[in-house]
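For what it's worth, our numbering labels the leading residue of the sequence shown as 242, then goes sequentially.
What follows is one structure encoded as structure tokens, with my remarks underneath.
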Amino acid sequence: MSEQELFNISQVCENLIGEFPELTVSKIRYLESQGLISPLRTESGYRKFS
Numbered sequence: 242m243s244e245q246e247l248f249n250i251s252q253v254c255e256n257l258i259g260e261f262p263e264l265t266v267s268k269i270r271y272l273e274s275q276g277l278i279s280p281l282r283t284e285s286g287y288r289k290f291s
């Protein structure tokens, strides 16, 4: 099994801001609350995206 690079929420925002200029961390959290995305969680509860 190959390892995937995991990103925290601010890294996701930085990587996508060029394509989606109005994207914010709070909008990513909203998408999660609506069940549209499902990031992994670390033991301490931090979101990790692949």
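Idealized CB from N, CA, C, for every residue including glycine.
The structure displayed is predicted, hence computed values, not measured ones.
| Query | Result |
| --- | --- |
| Just curious, the alpha helix (DSSP H) that S285 is in, first and last residue? | First-last for S285: undefined, no H or E at that position. |
| Going by DSSP, what residues sit across from L264 in a beta bridge? | Looking at the DSSP assignment, L264 forms no beta bridge with any residue, so it has no partner. |
| Please list, in chain order, all residues of the same chain as E246 whose beta carbon is under 6 angstroms from its beta carbon, the five residues on each side excluded. | none |
| CA-CA distance, R282 and E244? | 16 angstroms |
| Leaving out five residues on either side along the sequence, give the residues of the same chain with a beta carbon under 8 angstroms from the beta carbon of V253. | I269 and F290 |
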